Amino acid sequence: MKNPVSTARIEGLDTLRALAVTLVVLHHYVLFVSRSDTFGWVGEVGWIGVDLFFALSGYLIGNQIFAAMRSPREFSLARFYGRRALRTLPVFYVMLAIYYCSPWFRAGLELPPLWRFLTFTQNINLAPGTAFSHAWSLCIEEQFYLALPALALAIASLRRSLRWGWAAIALAIVAGMLVRAYTWQELVDAHPRGSRNYYQYIYYSTLCRFDELVAGVALALLKNFHPRRWRTLTSRGDLAGGAGLMVLGLAIWLFLDERQAFGVTVFGYPLLALGFSLLIVAALSRKSLLRSTRVPGAASMALWSYAIYLTHKQVCILAARPLAEHGYGPGSPLAIGAMLALSVLSGWILYRCVEVPFMAVRGRYLPTNFKPL
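Heads up: the sequence shown is residues 1 to 373, going by UniProt numbering.
Below is the structure:
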């Protein structure tokens, strides 16, 4: 039987998705389980996997919307929202029910009010250290899914030129930098709770963390409305990929050196957005090494990445105690392997039991012939 989730896939994008979820899992393992330098600098900066997810979402969702707007058929907001809801909400609601109905699962950590999750505003002024805190990135993505198509249709209805679209993208990037600069000066610099405020008001904040989403949208706009320039760009995939790695290397060095410094806070996230955007260009280039190289297991990890992201942190936290009681501390290779394997297994179970059935429902009642890649 055909897998209702499967579509025409590009191996380069699958590799990037697999890389994104792997980075996040390693970072959370270091942060919440081992509390030591288990994976070196990779574990320390693994949080940038979320930024890679943002860039991928910006491109893929923007591409769907812009390609549909260019087609003879009218773009349907209701269909778009319905399809996104069936894609993202069932798994999220299942995990939310587990957190709220099973106190042992959240290991005694306090949960934000339920309405904050249901309205996807949990990330706003989110206090670090609460249960299911990593849902903050999902909240930002859901806000993005709601805003982008409505904004795109509003600009299109005014029959303005593409310059308005590019102006909106440039304005968004500049606005993000200005908001981070102002917030840093008011709530981080020389503040007694500066480090905590950095996470609460900058790292988790929608207004401070949409750089990569906007960069992905810029790629989609270029692809759909400037095809000649897009072909020129993707014809140099390896060059784009190399440049992306260099930009990311600079950004990572800056974040490792002084993550919460003013300059890094203001300009570091746009650097990540640029670097990841160039890697996406490389992944979409037919002649690039990134697209032509098949990484074993990457396609499966990409399929399961959303479910793995939602489950992995608490699975590792809960598994660490019995392993430690049997003499396998969080730094031992066996414990690391066991907890990472459990993370993948839990994500696969959630994918098979929840995502696949609801994607089948989506395919039956809200079908689309659009091929976004």
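Ideal placement from N, C-alpha and C gives every residue a C-beta, glycine not left out. Since we're looking at a predicted model, the values are computed, not measured.
Residue i burial status per 10 Å Cβ neighbour count (16 or more: buried)
i: Val214; result: buried
i: Met95; result: buried
i: Cys101; result: exposed
i: Met301; result: buried
i: Trp253; result: exposed
i: Val30; result: buried
i: His326; result: exposed
i: Trp41; result: exposed
i: Gly347; result: buried
i: Ser205; result: buried
i: Leu274; result: buried
i: Ala190; result: exposed
i: Tyr351; result: buried
i: Met359; result: buried
i: Tyr201; result: buried
i: Asp211; result: buried
i: Glu355; result: buried
i: Met339; result: buried
i: Thr293; result: exposed
Local conformation of residue i per DSSP, three classes
i: Glu186; result: helix
i: Gln260; result: coil
i: Thr368; result: coil
i: Tyr81; result: helix
i: Asn123; result: coil
i: Ser76; result: coil
i: Glu355; result: helix
i: Glu11; result: helix
i: Gly268; result: helix
i: Ala170; result: helix
i: Leu109; result: coil
i: Val281; result: helix
i: His326; result: coil
i: Thr22; result: helix
i: Thr293; result: coil
i: Pro333; result: helix
i: Trp104; result: coil
i: Tyr309; result: helix
i: Arg286; result: coil
i: Ala147; result: helix
Beta-carbon spacing of residue i, residue j below 9 Å
i: Asn123; j: Ser137; result: yes
i: Gly62; j: Val217; result: yes
i: Val25; j: Ile349; result: no
i: Phe66; j: Lys223; result: yes
i: Ile173; j: Pro270; result: yes
i: Tyr199; j: Thr265; result: no
i: Ala168; j: Leu77; result: no
i: Leu111; j: Thr130; result: yes
i: Gln260; j: Ala107; result: no
i: Leu310; j: Ala135; result: yes
i: Thr22; j: Gly49; result: yes
i: Gly82; j: Leu366; result: yes
i: Cys139; j: Phe105; result: no
Assumed close pair residue i, residue j - CB separation to whole angstroms, cut-off 8 Å
i: Ser288; j: Gly46; result: Contact doesn't hold; Cβ gap of about 24 Å is too wide.
i: Arg9; j: Leu56; result: No, Arg9 and Leu56 are not in contact; Cβ-Cβ is about 13 Å, not under 8 Å.
i: Gly331; j: Leu279; result: Going by Cβ atoms, the distance from Gly331 to Leu279 rounds to 31 Å, so no, they are not a contact pair.
i: Ala282; j: Ala240; result: 5 Å
i: Val179; j: Leu207; result: 5 Å
i: His28; j: His312; result: 7 Å
- Taking only runs of the alpha helix (DSSP H) that begin and end inside the stretch 27-63, which ones reach a length of at least 4 residues, in chain order? 40-44
Next item on the list: Any chance you could list the beta strand (DSSP E) runs of at least 3 consecutive residues sitting entirely within the stretch 208-244, in chain order?
Entry: Listed in chain order, the beta strand (DSSP E) elements of length 3 or more contained wholly in the stretch 208-244 amount to none.
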